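S.K.:
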Amino acid sequence: MALYEHVVISRQDISPQQAEALNDQIKALIEEGGGVVAKIEYWGLRNLTYRIKKNRKGHYSLISIDAPAPAVKEMERQLSLNEDVLRHLTVRVEELDLELSPVLARRDRDREREPRREDSFQAQ
Numbered sequence: 000m001a002l003y004e005h006v007v008i009s010r011q012d013i014s015p016q017q018a019e020a021l022n023d024q025i026k027a028l029i030e031e032g033g034g035v036v037a038k039i040e041y042w043g044l045r046n047l048t049y050r051i052k053k054n055r056k057g058h059y060s061l062i063s064i065d066a067p068a069p070a071v072k073e074m075e076r077q078l079s080l081n082e083d084v085l086r087h088l089t090v091r092v093e094e095l096d097l098e099l100s101p102v103l104a105r106r107d108r109d110r111e112r113e114p115r116r117e118d119s120f121q122a123q
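Using numbering that gives the first Met the number 0, the first residue of the sequence shown is number 0, and each one after it goes up by one.
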């Protein structure tokens, strides 16, 4: 089986729960095709560089996949039919990176650095 990284951007109108449900749907499609989903990262609602179908924002998700090519083709076909999906991209990789992606790692690092507002008010 081949290793893939898949990024999907869904419409800003859907809720984060619906975006997570879309990720679960992708996972089910891959598992039906005989593959395994190693990691799913939901990056949240992020700004788009340019408008896509009148949307300025989108729900981003990164999925690490170990699956045969027909399972990935079927997943891509299903996503192209889904109206909630703005864009998707699948890239074949040599090995899966199961650590935290740079997007989430930076978010966690930024949260650790900034002091909480309640703490700064109590210090005064």
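C-beta atoms are modelled at their ideal positions from N, C-alpha and C, and glycine is treated no differently.
Bear in mind the structure is a predicted one, so any value in this text is a computation, not a measurement.
#1: With the cut-off set at 9 Å, would you say R86 and G43 are in Cβ contact?
#2: Please confirm if the segment 25-41 is in contact with the segment 69-77, defined as three or more CB-CB distances below 8 Å between the two stretches.
#3: Would L61 and K38 be called neighbours here (beta carbons separated by less than 9 Å)?
#4: With DSSP run on the structure shown, which of helix, strand or coil describes N22?
#5: With Y22 and Y41 assumed to form a contact (beta carbons below 8 Å), what rounded beta-carbon distance in angstroms separates them?
#6: Can you give the Cα-Cα distance for A1 and V7, rounded to whole angstroms?
#7: Please specify which runs of the beta strand (DSSP E), each continuous and at least 3 residues long, are wholly inside the segment 20-76, giving them in chain order.
#8: Am I right that A191 and S9 are in contact with their C-beta atoms under 8 Å? What's the rounded C-beta distance?
#9: May I ask you to report which of helix, strand or coil DSSP gives L95?
M.R.: Concretely, from the data shown:
#1: R86 is not a Cβ neighbour of G43, given a cutoff of 9 Å.
#2: yes
#3: Yes, Cβ-Cβ distance for L61 and K38 is below 9 Å.
#4: helix
#5: Note that residue 22 is Asn in the sequence shown here, rather than Tyr. The Cβ separation is near 7 Å, so the contact holds.
#6: 19 Å
#7: 35-51 and 54-66
#8: What is shown of the chain runs 0 to 123, which leaves residue 191 out entirely.
#9: coil
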